[in-house]
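The block underneath contains the structure these notes are about, expressed in structure tokens.
Number of protein chains: 4
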Amino acid sequence: MSNISEFRADELHEECGVFGIYDLDGGDIASSVYYGLFALQHRGQESCGIAVSDTSGPKGRVQSVKGMGLVNEVFHPENLSQLKGDIGVGHVRYSTAGASCSENTQPLVLNYVKGTLALAHNGNLTNAPELRHELEYTGAIFQTTIDSEVIAYHVARERLNTRDVESAVKNAMLKIKGAYSLIVMSPRKLIGARDPFGFRPLVIGKRDNSYVLASETCALDAISAEFVRDVEPGEIVTISKDGIKSDKSLQIKKSAKCIFEYIYFARPDSYIDGVSVYNSRIMAGKILAQTHPCKADIVLGVPDSGNAAAMGFALESGIPYGMGFIKNSYVGRTFIKPKQSVRESAVKIKLNVLKEVVKGKRVVMVDDSIVRGTTSERIVRMLKNAGATEVHVRISSPPFLFPCYFGTDVPSSDQLIAHKMSIDEICKMLGATSLGYLDVNRLAELIEGDDGYCDACFTGNYPVEPPKEDIRGEYDQ
Amino acid sequence: MSNISEFRADELHEECGVFGIYDLDGGDIASSVYYGLFALQHRGQESCGIAVSDTSGPKGRVQSVKGMGLVNEVFHPENLSQLKGDIGVGHVRYSTAGASCSENTQPLVLNYVKGTLALAHNGNLTNAPELRHELEYTGAIFQTTIDSEVIAYHVARERLNTRDVESAVKNAMLKIKGAYSLIVMSPRKLIGARDPFGFRPLVIGKRDNSYVLASETCALDAISAEFVRDVEPGEIVTISKDGIKSDKSLQIKKSAKCIFEYIYFARPDSYIDGVSVYNSRIMAGKILAQTHPCKADIVLGVPDSGNAAAMGFALESGIPYGMGFIKNSYVGRTFIKPKQSVRESAVKIKLNVLKEVVKGKRVVMVDDSIVRGTTSERIVRMLKNAGATEVHVRISSPPFLFPCYFGTDVPSSDQLIAHKMSIDEICKMLGATSLGYLDVNRLAELIEGDDGYCDACFTGNYPVEPPKEDIRGEYDQ
Amino acid sequence: MSNISEFRADELHEECGVFGIYDLDGGDIASSVYYGLFALQHRGQESCGIAVSDTSGPKGRVQSVKGMGLVNEVFHPENLSQLKGDIGVGHVRYSTAGASCSENTQPLVLNYVKGTLALAHNGNLTNAPELRHELEYTGAIFQTTIDSEVIAYHVARERLNTRDVESAVKNAMLKIKGAYSLIVMSPRKLIGARDPFGFRPLVIGKRDNSYVLASETCALDAISAEFVRDVEPGEIVTISKDGIKSDKSLQIKKSAKCIFEYIYFARPDSYIDGVSVYNSRIMAGKILAQTHPCKADIVLGVPDSGNAAAMGFALESGIPYGMGFIKNSYVGRTFIKPKQSVRESAVKIKLNVLKEVVKGKRVVMVDDSIVRGTTSERIVRMLKNAGATEVHVRISSPPFLFPCYFGTDVPSSDQLIAHKMSIDEICKMLGATSLGYLDVNRLAELIEGDDGYCDACFTGNYPVEPPKEDIRGEYDQ
Amino acid sequence: MSNISEFRADELHEECGVFGIYDLDGGDIASSVYYGLFALQHRGQESCGIAVSDTSGPKGRVQSVKGMGLVNEVFHPENLSQLKGDIGVGHVRYSTAGASCSENTQPLVLNYVKGTLALAHNGNLTNAPELRHELEYTGAIFQTTIDSEVIAYHVARERLNTRDVESAVKNAMLKIKGAYSLIVMSPRKLIGARDPFGFRPLVIGKRDNSYVLASETCALDAISAEFVRDVEPGEIVTISKDGIKSDKSLQIKKSAKCIFEYIYFARPDSYIDGVSVYNSRIMAGKILAQTHPCKADIVLGVPDSGNAAAMGFALESGIPYGMGFIKNSYVGRTFIKPKQSVRESAVKIKLNVLKEVVKGKRVVMVDDSIVRGTTSERIVRMLKNAGATEVHVRISSPPFLFPCYFGTDVPSSDQLIAHKMSIDEICKMLGATSLGYLDVNRLAELIEGDDGYCDACFTGNYPVEPPKEDIRGEYDQ
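Chains as they are written, first to last, in numbering that gives the first Met the number 0: chain S, 0 to 476; chain U, 0 to 476; chain P, 0 to 476; chain R, 0 to 476.
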């Protein structure tokens with residue numbers, strides 16, 4: 000949660016958030032989708048969209064509004080009020096530099112043999128290029144560079160030979176590989192599906208007679224829906240006027256949930272697969288205090304994502320937790336960056352140190368990760384300028400060593416500082432007194448001992464064969 | 000030419016204008032497309048777009064900018080300067096109430112088996128619904144409601160079995176029926192095609208070492224290109240680095256050029272299939288003076304499309320031509336319409352009568368057509384209020400009796416006043432002293448005796464079988 | 000009328016248009032002001048505004064909406080509907096390069112000792128700098144660079160010692176010098192005033208129980224008001240719930256109406272001081288035909304302002320009038336100008352020649368004026384390229400030799416081509432076959448023999464002492 | 000600092016923030032003002048503006064950009080780059096419902112007898128109505144409803160009889176009463192002044208050879224300027240090419256600094272008059288723990304302004320501090336409010352409770368103030384729904400009983416819940432287990448024992464005679 004994604008030039012990004020709702024009582028759901036997307040905005044700030052279907056209308060009339068920008072910017076009372084319907088699907092998308100264009104906004108809305116479909120997905124297919132080529136060799140045309148279009152084609156083709164749309168989704172899932180949490184809206188059904196490894200989260204909620212699907216439970220809270228359960232890895236849930244049904248026939252033994260959802264991406268007030276994100280961060284902080292103890296006067300979290308781990312570090316170490324930074328949440332995506340100079344920096348404008356808390360103190364500074372190291376270096380320097388006598392940097396994740404192909408933008412190895420420097424060298428570069436990362440062997444403790452997680456960005460152990468080459472962004476033009 | 004399309008609630012609309020250019024010397028052509036679209040703006044004011052290909056770039060990199068609104072509104076120096084390339088295609092689209100949405104902007108840009116294609120077309124396919132259904136039954140998905148997407152699918156599928164893209168276009172043309180003038184841009188080629196009946200115009204121009212395709216010659220003038228010749232009905236021209244080549248193997252005996260292009264849609268400074276639009280209007284006015292003479296003091300054209308015919312009437316009748324109306328060109332599409340009242344009307348705000356010219360005079364008022372009659376009635380009243388003693392209405396086209404399925408919006412018969420009333424009744428409703436329409440048997444004289452024109456909206460003689468039901472707008476949502 | 004102001008880089012501009020209305024029956028008048036401003040848009044396209052007073056509200060509540068841009072751009076249903084009231088005043092302002100800023104929009108709305116005032120004016124004070132200095136020496140502050148603020152101060156100060164606001168306006172008029180047509184709205188009165196020389200027009204209209212003030216009669220037509228009479232030079236009319244009253248005590252013997260209002264600025268469908276603008280242009284054309292006859296085949300007016308004079312030339316000479324140009328009214332203020340090149344020019348994009356009319360012909364081309372000559376030169380060239388064998392240029396005004404200080408932007412002499420070249424030299428520069436200007440001694444004939452006009456821009460005979468230095472624009476920052 | 004001002008419908012608002020800088024080395028300062036305003040954005044989100052003077056330009060050319068919206072929305076690279084100069088003044092303004100209009104944006108830029116002035120102020124004059132009337136009786140006109148205009152008039156009038164602009168400011172200060180921190184920019188000077196009671200803060204900073212004035216020290220940090228000292232109550236500092244000079248001749252014995260700046264308005268990383276805002280909040284929390292102790296498991300601050308006091312409460316009580324809320328910083332001013340319903344509320348969308356932290360716990364919830372009580376009631380309910388067994392509400396200020404006339408919008412008594420209910424009744428209304436306010440007698444401890452503060456909103460002891468009637472907003476139209 001928070002503007003943290005705007006706070007660091009070298010931060011990581013989640014690629015999407017999805018939300019769906021079906022009010023079996025026929026209520027109007029557009030504003031619920033709108034509020035749900037607000038709660039998922041941290042998962043993507045580039046573009047967003049809502050599509051709704053009115054099951055009482057002719058043939059399930061589907062209407063959509065999509066646009067570049069934040070939920071707050073794309074929707075206004077006029078266009079929101081035009082979205083009349085009892086089923087809805089929404090999407091927030093993350094902003095990369097290249098692929099940011101209006102064609103790529105989601106949900107993808109399309110006509111096919113059985114009428115209209117809307118698709119919203121979170122994740123990355125690892126075999127999308129192959130599938131695109133295959134489809135093209137049968138005459139397909141692509142108007143976007145998003146994986147949703149590949150999925151949509153497969154659903155449409157499978158639909159020719161299946162009895163219902165959920166079966167078409169299932170058959171499509173046999174073809175697509177990689178990470179995806181998917182919401183599909185047909186004129187009269189809302190379908191949620193999660194890839195067999197369960198890389199990305201997806202939850203089921205309920206409010207009165209409405210069923211809800213969402214990337215995170217915080218979106219359920221926002222609309223006062225109750226959490227029912229997670230969609231399981233490999234599961235397909237179908238909500239129709241007959242209620243909810245589940246198909247788990249695609250499930251496999253081993254899951255590979257993204258551990259970084261807990262460490263950084265998800266909001267701390269969310270629960271993923273039964274585990275509190277907040278608790279997992281507290282635990283990360285505790286482990287750090289056990290494995291990388293130090294003598295210090297105060298523990299500070301780099302806002303906002305470092306706060307919970309800092310709290311855990313404080314609890315375990317007995318060093319008091321403090322509030323050491325003030326973040327300026329008015330500095331949005333479009334602010335004019337300062338020209339590179341020592342004294343004015345984007346970091347400084349977005350973050351200030353509370354001198355009163357820091358001066359004369361030995362500080363433990365807890366952050367969630369280091370990508371390129373430039374931001375961390377500036378923050379260490381700010382702490383020292385504010386009078387900190389020592390700065391012990393603790394990172395609530397292991398060092399990034401490998402790129403991610405499953406829906407985040409952990410970049411290629413040559414851009415990862417931990418790939419190029421030893422920990423001592425990084426410590427020196429940051430100007431830190433000491434530096435400690437989370438032990439990769441203790442990651443399971445973050446999620447209550449479950450070992451069904453993906454740690455490929457730390458270990459290179461990819462649960463699904465990665466693409467031969469890094470194709471991320473190739474289709475962007 | 001002009002804002003006339005905004006001037007009358009009950010006027011007719013052309014559905015599109017297309018423009019393409021290929022600079023064989025590798026020059027930058029985006030601004031030429033931009034200026035060319037300005038000259039075609041009268042053919043469509045809803046949305047517009049430009050796509051360019053840079054043949055010197057990797058794999059023919061294609062970039063596009065599209066948006067709702069006028070050329071003036073969609074393009075600005077920033078986005079225009081990003082369109083770097085030596086081949087370009089542009090489009091202006093007409094604004095209907097329902098289907099006005101950003102998905103439907105053109106050119107359609109897509110990836111297919113052989114890379115990237117951009118398509119811009121003007122016209123209406125009469126078998127689009129059947130083709131859509133057929134494609135859907137092979138797994139196609141549709142993201143827009145425009146015919147270009149249907150054409151694109153056919154080109155993409157044919158391309159699997161053809162040696163080059165122009166052959167794929169040709170094969171696609173064997174499937175699609177109806178009216179179309181089409182520009183297709185592949186990464187290294189620019190292709191223009193016109194349906195075998197030649198409903199909509201398409202011309203070839205040349206400037207230095209650049210080839211140009213455009214809906215009308217006025218767009219050639221705007222960019223100082225010379226007119227080379229018309230693309231012939233059924234012809235496909237292909238421009239590549241090897242120059243221009245032509246394929247006329249799809250030509251048929253009989254053409255069916257839209258006669259209403261001459262009467263109303265095209266700009267009077269354009270030439271279509273060798274005939275000056277201006278001259279054809281002068282001729283329409285002359286015929287009216289021959290067939291519906293009257294005693295009067297002055298001849299006035301309803302601006303802007305009635306002016307040339309009025310001039311022709313004056314020349315033939317000897318009655319002086321006068322400037323009787325002032326049109327307010329500042330009243331754009333978005334002005335706030337007055338609530339219906341006798342004294343304030345949209346017509347009045349957009350048009351004023353020059354009392355000095357009209358008072359005490361017997362007036363011949365020449366207009367291009369009557370659809371529902373409401374605007375004509377208001378203009379007659381304004382003339383009388385300004386002191387005209389008689390108002391002889393002369394219409395430079397025959398009465399509309401049948402809908403058009405070939406790229407204009409002549410509506411269904413029940414909305415056409417001539418279908419419901421006799422000419423005498425219409426005259427009375429207008430409050431006119433007399434009323435005369437152009438004789439349908441003399442239409443050929445407008446285009447120098449050529450009889451290869453379509454007059455289906457006057458006669459019901461459709462050159463191509465019309466759709467079983469009026470499907471125009473069905474796919475709009 | 001028309002976009003002509005956008006058509007030529009070297010054209011002249013009127014500086015403002017004003018409109019006021021008071022509905023004694025308490026009707027809502029905002030939309031009437033809105034439509035009235037549309038009819039006056041040719042007098043200014045930089046910014047516009049409307050202020051309304053609700054006499055039934057507390058203390059005459061005044062509300063206003065102002066903004067940069069056209070009437071069409073500034074007003075939309077939301078903000079227009081917020082302007083509730085029975086008295087209203089509106090303004091359109093001309094766009095200069097420098098002084099274009101939101102502070103300078105009119106009407107100026109202010110609080111002073113007696114409540115609220117709104118002022119809209121058209122013209123230029125010649126002693127504004129002196130008055131500003133005087134006011135500043137008594138502690139005044141200025142937040143704009145418009146003369147309205149100077150006038151407002153004087154009204155406010157005079158109001159301290161007068162019984163009513165119209166007396167304060169009158170006393171202020173004793174101090175201010177130069178050209179002004181002024182509309183002042185107090186919470187319960189609408190006042191119109193015209194400087195003693197009557198440089199700028201101002202008319203009175205009536206519609207039911209509403210009184211209307213406007214720069215031109217065409218604005219009365221737009222709202223279906225009847226023309227009552229002109230406000231006379233030096234007259235003050237005051238409209239209150241007691242009806243209309245007049246004070247002519249400031250009148251002087253000699254008026255100095257701007258002759259260029261007839262030749263160019265005003266819409267041809269307007270009447271100024273009893274004279275039809277259209278007729279005065281017809282007359283200008285006739286005089287040109289008498290004084291500068293030539294042998295030719297056709298007479299063409301440069302649209303739109305040259306058309307009526309061309310018609311007059313045709314009538315007098317017997318040479319047929321023709322329609323030789325097509326103007327592209329979609330090219331607005333913000334279009335991207337072509338880089339200077341021979342083949343693409345702003346003129347060409349905005350104007351095309353009808354080859355069919357021109358080729359092989361000896362052409363008389365009638366335009367209203369020549370400022371720097373660049374546009375005229377391009378048009379002559381276009382005519383020749385279209386096949387004209389001779390181009391006889393006829394200008395319906397005398398040569399500009401002196402700047403104007405009375406509300407137009409006829410520039411300083413060093414920018415006027417006629418100041419620097421002989422007529423023969425200009426003719427050669429234009430590439431014209433012959434060139435003839437209107438004889439300055441025959442100007443009175445344009446306005447039915449009245450000699451109460453200002454021709455200072457042609458003769459240097461300033462009716463009011465001009466400022467010592469050309470201060471126009473000085474206050475712009 | 001945070002979106003807290005957007006977080007509560009019934010919150011309080013600061014009315015402005017001011018910033019000024021003069022680079023004696025002639026550097027370009029617009030971007031420094033821009034970044035400084037970001038740091039002050041929490042003091043006002045309605046509108047903002049920057050004016051700059053170029054001392055090397057002709058006569059000290061002043062340019063300004065102002066607009067409605069956040070710093071992020073009003074400024075973009077184009078308009079910021081046009082602000083060239085070495086002296087600058089900036090302003091952020093708070094959004095009230097009524098007076099929100101572009102005329103009222105600051106800095107006010109004006110011409111007067113000695114050239115140009117720009118004024119930015121924070122505060123409220125208590126005698127503005129009287130001064131306006133007085134000025135109007137000497138012929139003044141007012142174009143805004145902001146106090147800056149009243150101040151500007153006085154400076155302009157005094158300037159007629161003073162040697163320099165700082166003396167004029169001083170003389171003006173003898174006339175104006177109430178709260179103001181003022182920055183005045185003349186073409187070659189930057190002047191800061193604070194009212195004799197020092198209600199609103201104003202500090203001096205330095206960076207290289209640049210002097211800086213700002214509402215808070217956090218703005219100095221943002222541009223890497225060093226804190227020099229506070230402008231003292233009643234002091235005038237003048238920065239010119241000769242450096243900085245001070246005039247303290249208007250100082251009085253007793254100051255009346257707004258205590259609520261410490262409790263809520265200012266950013267915790269700022270220092271006001273030598274006292275850390277953060278420390279004063281820690282102290283408020285400690286006093287609450289002493290005076291209103293309770294048995295509980297965790298202390299939570301309502302973000303963001305309650306966090307520091309919660310930390311103080313935790314420190315003093317020994318009850319652990321916890322992170323109990325997640326604030327959604329993406330929910331901006333323009334989000335579409337939910338229709339009133341129990342389950343969806345604006346509070347819920349902006350704030351979520353961390354169930355994991357709260358469930359089964361006895362909670363101390365620390366907030367800064369209660370105005371109407373509606374937001375607090377909702378937050379208490381959210382805590383209980385999340386499983387809190389007890390909710391002890393602690394407010395780090397005394398109860399609001401009286402309106403504020405000195406630059407904040409503490410409303411009239413009839414809207415203050417503490418004016419209408421006893422503390423027990425409020426506790427019951429909130430659904431809280433217990434409720435404790437800060438003891439009004441211990442306020443001095445927040446600022447290190449200094450008793451020179453204003454507590455009128457708690458006690459009714461107004462340091463300056465309040466206006467006869469509550470005139471706040473009267474001039475808004």
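By construction, the Cβ of each residue, glycine as well, lies at the ideal position given by its N, Cα and C atoms. The structure displayed is predicted, hence computed values, not measured ones.
Here's the rule: buried if 16 or more other CB atoms are within 10 angstroms of the residue's CB, otherwise exposed. What is Y21 (chain R)?
Translated into positions along the fourth sequence, residue 21 (chain R) becomes position 22. Under this definition Y21 (chain R) is a buried residue.
Residues that R193 (chain P) bridges to, as DSSP identifies them
As a position in the third sequence, residue 193 (chain P) is number 194, starting the count at 1. Paired residue(s): P:S180.
Could you check whether the region 249-258 of chain P touches the region 292-305 of chain P, counting it as contact only if at least three pairs of C-beta atoms, one from each stretch, sit closer than 8 Å?
Contact between the region 249-258 of chain P and the region 292-305 of chain P is absent, because fewer than three Cβ pairs lie under 8 Å.
May I have the straight-line CA-CA distance separating K338 (chain U) from G87 (chain R), to the nearest angstrom?
Sequence index remark: in the second sequence, residue 338 (chain U) carries index 339 (1-based). Sequence index remark: in the fourth sequence, residue 87 (chain R) carries index 88 (1-based). Taking C-alpha positions only, K338 (chain U) is separated from G87 (chain R) by approximately 50 Å.
Taking contact to mean 3 or more Cβ pairs, one atom from each stretch, closer than 8 Å, check whether the region 451-466 of chain P and the region 122-138 of chain P are in contact.
Touching, yes, given that three or more Cβ pairs across the two stretches are closer than 8 Å.
Kindly say whether S464 (chain S), judged by its beta-carbon, lies nearer than 9 Å to any beta-carbon of chain R.
Residue mapping note: residue 464 (chain S) aligns to position 465 of the first sequence, counting from 1. Strictly speaking, residue 464 (chain S) in this sequence is Glu, with Ser absent from that position. Nearest CB-CB separation between E464 (chain S) and chain R: not below the 9 Å threshold.
Can you name the residues of chain R whose CB is closer than 7 Å to the CB of E14 (chain P)?
Residue numbering aside, residue 14 (chain P) sits at position 15 when the third sequence is read from its first letter. Going along chain R, no residue has its Cβ under 7 Å from E14 (chain P), so there is no contact; the nearest lies around 20 Å.
If you count every other CB in all the chains shown that lies within 10 Å of the CB of C15 (chain U), and 16 or more means buried, which is it?
Looking up residue 15 (chain U) in the second sequence gives position 16. C15 (chain U) comes out buried.
Sorry if obvious, but does the Cβ on V365 (chain U) come closer than 8 Å to a heavy atom of the ligand MN?
Among the ligands in the structure shown, none appear at all, so the ligand MN cannot be discussed.
Just mark D413 (chain S) as buried or exposed, buried being the case when its beta carbon has 16 or more other beta carbons within 10 Å.
Start at 1 with the first residue of the first sequence, and residue 413 (chain S) comes out as number 414. By the 10 Å Cβ count, D413 (chain S) comes out exposed.
What three-state label does DSSP hand C403 (chain R) in the structure shown?
Here residue 403 (chain R) refers to the residue found at position 404 when the fourth sequence is read from its first residue. C403 (chain R) falls in the coil class under three-state DSSP.
In angstroms, rounded to a whole number, what distance separates the CA positions of A387 (chain P) and Q44 (chain P)?
What you label residue 387 (chain P) is simply residue 388 of the third sequence in a count that begins at 1. What you label residue 44 (chain P) is simply residue 45 of the third sequence in a count that begins at 1. Those two C-alpha atoms are separated by around 35 Å.
Is it the case that the Cβ atoms of A205 (chain R) and A192 (chain R) are separated by a distance below 9 Å?
As a first step, residue 205 (chain R) must be located in the fourth sequence, where it is residue number 206. As a first step, residue 192 (chain R) must be located in the fourth sequence, where it is residue number 193. Just to set this straight, residue 205 (chain R) is Lys in the shown sequence, not Ala. Contact check for K205 (chain R) against A192 (chain R) fails: the beta carbons are separated by 9 Å or more.
Beta-bridge partners of S396 (chain U), as assigned by DSSP:
As a first step, residue 396 (chain U) must be located in the second sequence, where it is residue number 397. According to DSSP, which records beta bridges pairwise, S396 (chain U) is partnered with nothing at all.
Which same chain residues end up closer than 7 Å to A309 (chain R) when comparing Cβ atoms and leaving out the 5 residues on each side of it in sequence?
As a working mapping, residue 309 (chain R) is identified with position 310 in the fourth sequence. Setting aside the 5 residues that flank it on each side, A309 (chain R) is surrounded in the same chain by G284, V298, L299, G300, Y320, V365, each with a C-beta closer than 7 Å to its C-beta; the list follows chain order.
For I335 (chain U) versus S30 (chain P), is the C-beta distance shorter than 9 Å?
Taking the second sequence and counting its residues from 1, one reaches residue 335 (chain U) at position 336. Taking the third sequence and counting its residues from 1, one reaches residue 30 (chain P) at position 31. Against a cut-off of 9 Å, the Cβ pair of S30 (chain P) and I335 (chain U) comes out as a contact.
Whole-angstrom C-beta distance between L23 (chain U) and N208 (chain U), which should lie under 8 Å:
Mapped onto the second sequence, residue 208 (chain U) falls at position 209. Mapped onto the second sequence, residue 23 (chain U) falls at position 24. At roughly 5 Å, the Cβ-Cβ gap stays under 8 Å, so N208 (chain U) and L23 (chain U) are in contact.
Neighbourhood of A443 (chain S) by C-beta, 8 Å cutoff - its chain only, sequence neighbours within 5 removed:
Position 444 of the first sequence holds residue 443 (chain S). D449, D450, Y452.
Using a C-beta cutoff of 9 Å, does A151 (chain S) count as contacting chain U?
Within the first sequence, numbered from 1, the residue matching residue 151 (chain S) stands at position 152. Interface criterion met: the Cβ of A151 (chain S) is under 9 Å from a Cβ in chain U.
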